[in-house]
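Enquirer: If you read the first sequence in my numbering, its first letter stands for residue 1, the second for the next number, and so on. In this text, a Cβ means the ideal position worked out from N, Cα and C, and glycines have one as well.
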Amino acid sequence: MNKDEVAQILNEIGTLLELKGENPFKTRAYVNAARTLEGMTESLEKVVTENRLGEIKGFGEALQDKITKLVTTGSLPYYDELKASIPPGLLEMLGVPGLGPKKVKALYEKLNITTLDELDAACKAGKVAGLDGFGEKTQQKICEGITFRRTYASRHLLSDALVLAEPILDSLRSHPDVIRCSTAGSLRRNKEVIGDIDFLASSKNPTAVIEFFCQQPGILNTSAKGDTKASVILPGGIQADLRVVSDSEFPFALAYFTGSKEHNIVMRQRAINRGLRLNEYGLFRSDVETRDPLLLVPCKTEEEIFAQLDLAYVPPELREDHGEFLAAEKNEIPRLIEWTELKGSLHNHSNWSDGRNSLEEIARHMSDLGCAYWAITDHSKSSPQANGLYPERLRQQLVEVCKINERFAAEANEFRLLTGSEVDILAGGKLDFEDDLLAELDVVVASIHHRFSEGEAETTKRLIAAAENPYVHMLGHLTGRLLLEREPYKVNQHAVIDACAATGTWIELNGCPDRLDMDWRLWHYATSIGVRCVINCDAHRLESAGFLRLGAGVARKGWLTKADVINTLPLPDLMVELKKKRGKTG
DNA sequence: GCCGTTTTCGGCCCGACTGTTTTCAGTCG
Numbered sequence: 001m002n003k004d005e006v007a008q009i010l011n012e013i014g015t016l017l018e019l020k021g022e023n024p025f026k027t028r029a030y031v032n033a034a035r036t037l038e039g040m041t042e043s044l045e046k047v048v049t050e051n052r053l054g055e056i057k058g059f060g061e062a063l064q065d066k067i068t069k070l071v072t073t074g075s076l077p078y079y080d081e082l083k084a085s086i087p088p089g090l091l092e093m094l095g096v097p098g099l100g101p102k103k104v105k106a107l108y109e110k111l112n113i114t115t116l117d118e119l120d121a122a123c124k125a126g127k128v129a130g131l132d133g134f135g136e137k138t139q140q141k142i143c144e145g146i147t148f149r150r151t152y153a154s155r156h157l158l159s160d161a162l163v164l165a166e167p168i169l170d171s172l173r174s175h176p177d178v179i180r181c182s183t184a185g186s187l188r189r190n191k192e193v194i195g196d197i198d199f200l201a202s203s204k205n206p207t208a209v210i211e212f213f214c215q216q217p218g219i220l221n222t223s224a225k226g227d228t229k230a231s232v233i234l235p236g237g238i239q240a241d242l243r244v245v246s247d248s249e250f251p252f253a254l255a256y257f258t259g260s261k262e263h264n265i266v267m268r269q270r271a272i273n274r275g276l277r278l279n280e281y282g283l284f285r286s287d288v289e290t291r292d293p294l295l296l297v298p299c300k301t302e303e304e305i306f307a308q309l310d311l312a313y314v315p316p317e318l319r320e321d322h323g324e325f326l327a328a329e330k331n332e333i334p335r336l337i338e339w340t341e342l343k344g345s346l347h348n349h350s351n352w353s354d355g356r357n358s359l360e361e362i363a364r365h366m367s368d369l370g371c372a373y374w375a376i377t378d379h380s381k382s383s384p385q386a387n388g389l390y391p392e393r394l395r396q397q398l399v400e401v402c403k404i405n406e407r408f409a410a411e412a413n414e415f416r417l418l419t420g421s422e423v424d425i426l427a428g429g430k431l432d433f434e435d436d437l438l439a440e441l442d443v444v445v446a447s448i449h450h451r452f453s454e455g456e457a458e459t460t461k462r463l464i465a466a467a468e469n470p471y472v473h474m475l476g477h478l479t480g481r482l483l484l485e486r487e488p489y490k491v492n493q494h495a496v497i498d499a500c501a502a503t504g505t506w507i508e509l510n511g512c513p514d515r516l517d518m519d520w521r522l523w524h525y526a527t528s529i530g531v532r533c534v535i536n537c538d539a540h541r542l543e544s545a546g547f548l549r550l551g552a553g554v555a556r557k558g559w560l561t562k563a564d565v566i567n568t569l570p571l572p573d574l575m576v577e578l579k580k581k582r583g584k585t586g
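1. So is residue 569 buried or exposed if we call it buried at 16+ other beta carbons inside 10 Å?
2. If we ignore side chains and look at the alpha-carbon of each, how far apart do residue 273 and residue 313 end up?
3. I'd like to know if the segment 424-440 and the segment 457-465 are in contact, where contact means that at least 3 CB-CB pairs between them fall below 8 Å.
4. Which residues in the same chain have their Cβ closer than 6 Å to the Cβ of residue 282, if we skip the five residues on either side of it in sequence?
5. Residue 553: which of 4, 171 and 511 sits nearest, CA to CA?
6. Suppose you measure from the CA of residue 245 to the CA of residue 133; what does that come to, to the nearest Å?
7. Would you kindly report the start and end of the unbroken alpha helix (DSSP H) that includes residue 244?
8. Per DSSP, what are the beta-bridge partners of residue 284 in this structure?
9. In chain order, what residues of the same chain have a beta carbon less than 8 Å from the beta carbon of residue 210, not counting five sequence neighbours either side?
10. Provide the residue(s) that pair with residue 232 in DSSP beta bridges, ordered along the chain.
11. Would you mind reading off the limits of the beta strand (DSSP E) that contains residue 373?
12. Would you kindly report the start and end of the unbroken beta strand (DSSP E) that includes residue 508?
13. Run the CB neighbour count on residue 402, radius 10 Å, all protein chains shown included, and call it buried at 16 or more, exposed below.
14. Tell me where the beta strand (DSSP E) around residue 42 begins and ends.
15. Am I right that residue 416 and residue 408 are in contact with their C-beta atoms under 8 Å? What's the rounded C-beta distance?
16. Give me the residue from 26, 551, 117 and 31 with the minimum Cα distance to residue 341.
17. Is the CB-CB distance between residue 587 and residue 214 below 8 Å?
18. In three-state DSSP terms, what is residue 267?
19. Are the CB atoms of residue 315 and residue 561 nearer to each other than 8 Å?
20. Let's see if you can read the secondary structure: which residues bound the alpha helix (DSSP H) around residue 402?
21. Indicate the three-state DSSP secondary structure (helix, strand or coil) for residue 585 in the structure shown.
22. By the DSSP assignment, the beta strand (DSSP E) with residue 422 in it spans what residues?
23. What residues are listed by DSSP as bridge partners for residue 156?
24. Using DSSP bridges, identify the partner residues of residue 486.
25. Leaving aside the five residues before and after residue 164 along the sequence, list all residues of the same chain whose C-beta is less than 8 Å from its C-beta, in chain order.
26. If we count Cβ pairs, one from each stretch, closer than 8 Å, do we get three or more for the segment 11-23 versus the segment 48-56?
27. What residues match up with residue 469 in a beta bridge as DSSP calls it?
28. Please go through the same chain and pick out, in chain order, the residues whose beta-carbon is closer than 6 Å to the beta-carbon of residue 576, but skip the five residues on each side of it.
29. Three-state secondary structure (DSSP) at residue 474?
30. Can you tell me whether residue 585 is buried or exposed? The criterion is at least 16 other CB atoms within 10 Å of its CB, across all chains shown.
31. For the segment 516-526 against the segment 300-311, are there 3 or more C-beta pairs whose distance is under 8 Å?
32. For the 8 Å Cβ check, are there 3 or more pairs between the segment 529-542 and the segment 345-360?
33. In the structure shown, what three-state DSSP assignment does residue 378 receive?
34. Going by beta-carbon coordinates alone, are residue 202 and residue 250 separated by less than 8 Å?
35. For the beta strand (DSSP E) that residue 180 lies in, which residues bound it at each end?
36. Locate the alpha helix (DSSP H) running through residue 537, then write down its first and last residues.
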C-alpha cells in the first residue's frame, strides 16, 4: 500500500474516532499523521523497510505499528473493525452544515438514523427537535442543509470563486466606509478547490459595510447578517462571508482568516514560545488569552506580525505548514513567480483538432495580448475523439504556421507561433508519432488520454518512457485528474518526477481550472531535484489565455520562481532551451 | 495518540456563533 492510500485510511480512522466520541487529540494525532505522509517526499516503503518511521515527528509507537502493517500487508484489522462498527451513512451526515460528530452520534444512538434520507425523513416528521441539545431551529437547519447539499456541491473550483469574488472585492473597496479590504481564506491562498469565499474589511462603520455587502448584485440569499459579519449565497451555491473589523485589528484578522488552520496553529505556538499570545484581534504581551489593548504589540501589516515572531514575510499561497516556517526563519522565502512574467503558453489547440479558433485568429489574439509566443500543439491521431492529426495534416499545419509567422515578420511584429504536438502516450509508453516527425516540431508535449484504468506500475512506466524520448520536451497533465469530477489515474508521481530530472524533461502545470495538474504539493520536490515547470493554458479557445494567470497563482503554492518556469523566457532563450534535450546547439 | 531544559502525566490553539439553555455544549474556522 502506498503512502497516499495509507494517508487516506489514517484520515478515515480520525473521522471514525470522532464519531465514536473518542478523545479529540487522539483523533488529531491520526489526521496529523495523514498530513505528514501526504507531504512526505521519500518512499514510504523505504522508510518502513529501514525502520525509520520513529524518526518522524508525530509517529509514536501505535502509529508506527499501524502504518507498518498497512504498508507491508495492505490491511489493518483495527481499521476494519472500526469501520464495521459504524454505519457508512454517518460519514455523509457529517457533511451537513451544523452537524458535527457529537450530533451525528446522538442522532444515531437516540433515533437510529444511519443515512441522509432517514435524517431528512426524521426532520420532516419533527422527531429531531425533541432530542436533548436539538430544537426546532436545529431541525430546520438540518433540513435546509440536506437540500443545499443536494442542490449544490459544497466545493468549488478556484476559478469559479475568483470570477464571483473579484467584482465584490472591487465594489467593497470603493465604499467610502471601507478602509482596507481583502479576500482571505483558501481563495487568498490560491487553493485549487475552495469551500467558501471569505472577505475581510476594516471600517469605523461596520453596519454600513455589512448592509452594502448584502446588497451586492447576484446574491441569491442572505443566510446570516449581524453587526460585524454576514454570509450570503452567490450564484452556483457558493457561500461568501464578510467580516468587518477595526483598522488596527485588520492585519491580525487578515492573517488569522487567511489560514491555513495548520499554519495558524504554528503561528500561535511561536507566539506562546515568545511569551506572547496571538489571536485574530492582535498579538499581546501576555501568557494568557487576552484582548487588552494595553498589552498589544502594534503591527500595521502582516509583515510586521511575522517580524515579531522572527519570521520573514510568508506569502499567503505558502501558508500551508509545508515548510514555510523553516524557510522564513532563515529568510529563505523565495520571490514567487508573477503571472505577468509569463511570455506565452506551450500547450494549446486550434481548430485543426478540437480547438475553436483558427491559427490566424489565435496568433493575432495572443500577439495583441502581449504574448511573445504561443505554441500550437494539436492532438495526435490516436485521439480521434479530439480530431487528432495524422502526420500528413500535421506537416500541412507546419506550412501554415510558417506562413503566418512570415506575415508577422513582414509587419515587424516579433510575436511567433510555435509548431508542435500534444502527442499521445500509447500503451507501453510508445508515442503516437515517429521520432523523425517529432524532430520537425518546435514543441512536443506528451500526454496520456487513453487506458486511464491501467495499474500504477504500467502508467508510471508509460510516462517514464515518454520522458526518456529525446524529442519530448514536457509531460502534459501528469495525472489526468478533473477536479471535483474525475479522480487522477494511478501513477507514482515521484518516480516520474525523478525520471524527468534524469532526462531533462519539463513537467507541465496545466492551467485549466479543473486540472491544475501537476499538483502544487509536488513542485517543491520537483524543483529541488532540478525539474523545470511549464505553465500552460491547454487553450481550446481564445479566452483560455487567462489560464496563465490561474496557473501562475497555483504555481506560487508550489514555491515556483521565475527561474523554475520555462515560459518566462523570452523567445530566443526559449528556442535555446527547446533544443537542449535534443543535443543540438543554438 | 503524541510529547517532554517546567514534564513519563497532563496537557494538546482558541474565540465566535448558534441554539439551547439560563450557564453551556457543539460546531466552525
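Expert: For this structure:
1. The count along the first sequence starts at 1 and reaches residue 569 at position 569. Of the residues assessed, residue 569 falls on the buried side of the cut-off, its CB having 16 or more other CB atoms within 10 angstroms.
2. To locate residue 273, count along the first sequence from 1; it is residue 273. To locate residue 313, count along the first sequence from 1; it is residue 313. Distance from the CA atom of residue 273 to the CA atom of residue 313, rounded to whole angstroms, is 19 Å.
3. In this structure the segment 424-440 lies against the segment 457-465, because at least three pairs of beta carbons, one per stretch, are closer than 8 Å.
4. Numbered from its first residue, the first sequence carries residue 282 at position 282. Excluding positions up to five away in sequence, the list reads 252 and 296.
5. Residue mapping note: residue 553 aligns to position 553 of the first sequence, counting from 1. The residue from 4, 171 and 511 with its alpha-carbon nearest to that of residue 553 is 511.
6. Numbered from 1 along the first sequence, position 245 holds the residue referred to as residue 245. Numbered from 1 along the first sequence, position 133 holds the residue referred to as residue 133. Going from the Cα of residue 245 to the Cα of residue 133 covers about 32 Å.
7. Taking the first sequence and counting its residues from 1, the one referred to as residue 244 is at position 244. No alpha helix (DSSP H) contains residue 244, which is instead part of the beta strand (DSSP E) from 238-245.
8. As a working mapping, residue 284 is identified with position 284 in the first sequence. DSSP, once it has assigned bridges, lists 277 and 296 as partnering residue 284.
9. For the purposes of this step, residue 210 is identified with residue 210 of the first sequence, where counting begins at 1. Around residue 210: 225, 226, 227, 228, 229, 230, 242 and 244.
10. Locating residue 232 in the first sequence gives position 232, counting from the first residue. Residue 232 is bridged by DSSP to 222 and 240.
11. Taking the first sequence and counting its residues from 1, one reaches residue 373 at position 373. For residue 373, the uninterrupted beta strand (DSSP E) segment begins and ends at 373-375.
12. Counted from its first residue, the first sequence places residue 508 at position 508. Element bounds for residue 508: 506-510.
13. As a working note, residue 402 is residue 402 in the first sequence. Residue 402 is exposed by the Cβ-count criterion.
14. Reading the first sequence from its first residue, position 42 is the one you call residue 42. Bounds of any beta strand (DSSP E) do not take in residue 42, whose DSSP letter is neither H nor E.
15. What you label residue 416 is simply residue 416 of the first sequence in a count that begins at 1. What you label residue 408 is simply residue 408 of the first sequence in a count that begins at 1. Contact check for residue 416 and residue 408: beta-carbon distance about 7 Å, within the 8 Å limit, so the pair qualifies.
16. Locating residue 341 in the first sequence gives position 341, counting from the first residue. With distances taken between CA atoms, residue 341 lies nearest to 551 out of 26, 551, 117 and 31.
17. A query on residue 587 cannot be resolved here, the shown segment of the chain reaching from 1 to 586 and no further.
18. Numbered from 1 along the first sequence, position 267 holds the residue referred to as residue 267. In the structure shown, residue 267 sits in a helix (DSSP, three-state: H, G or I).
19. As a working note, residue 315 is residue 315 in the first sequence. As a working note, residue 561 is residue 561 in the first sequence. With respect to the 8 Å criterion, residue 315 and residue 561 are not classified as neighbours on the basis of their beta carbons.
20. Locating residue 402 in the first sequence gives position 402, counting from the first residue. Its alpha helix (DSSP H) spans residues 391-410.
21. Numbered from 1 along the first sequence, position 585 holds the residue referred to as residue 585. At residue 585, the pLDDT of 39 sits below 50, so the modelled position is not reliable; the number obtained from the coordinates is stated separately. Residue 585: coil per DSSP, three-state reduction.
22. Sequence index remark: in the first sequence, residue 422 carries index 422 (1-based). Start and end: 420-424.
23. What you label residue 156 is simply residue 156 of the first sequence in a count that begins at 1. Partner(s): 194.
24. Locating residue 486 in the first sequence gives position 486, counting from the first residue. Looking at the DSSP assignment, residue 486 forms a beta bridge with 482.
25. Here residue 164 is taken as the residue at index 164 of the first sequence, counted from 1. For residue 164, the CB contacts under 8 Å within the same chain, skipping 5 residues up- and downstream, are 197, 218, 234, 235, 236, 238 and 240 in chain order.
26. By the C-beta criterion, the segment 11-23 is judged not to be in contact with the segment 48-56, since fewer than 3 inter-stretch pairs fall below 8 Å.
27. Counting from 1 along the first sequence, the entry for residue 469 is found at position 469. BP columns for residue 469 are empty, so no partner.
28. What you label residue 576 is simply residue 576 of the first sequence in a count that begins at 1. Same-chain partners within the cutoff: there are none.
29. One-based indexing of the first sequence puts residue 474 at position 474. Strand, per DSSP.
30. Counting from one through the first sequence, the residue named residue 585 turns up at place 585. Residue placement at residue 585 is flagged as unreliable, the pLDDT there being 39, under the threshold of 50; the coordinate-derived value follows with that caveat. Under this definition residue 585 is an exposed residue.
31. No contact exists between the segment 516-526 and the segment 300-311.
32. Contact holds: three or more Cβ-Cβ distances are below 8 Å.
33. Along the first sequence, read from residue 1 onward, the residue named residue 378 stands at position 378. Strand at residue 378.
34. Here the question's residue 202 lines up with position 202 in the first sequence. Here the question's residue 250 lines up with position 250 in the first sequence. With a cutoff of 8 Å on beta-carbon distance, residue 202 and residue 250 are scored as near each other.
35. Counting from one through the first sequence, the residue named residue 180 turns up at place 180. 178-184 is the extent of the beta strand (DSSP E) around residue 180.
36. Position 537 of the first sequence, counted from the start, is the residue given in the question as residue 537. In the DSSP assignment, residue 537 falls outside any alpha helix (DSSP H) and carries neither an H nor an E.
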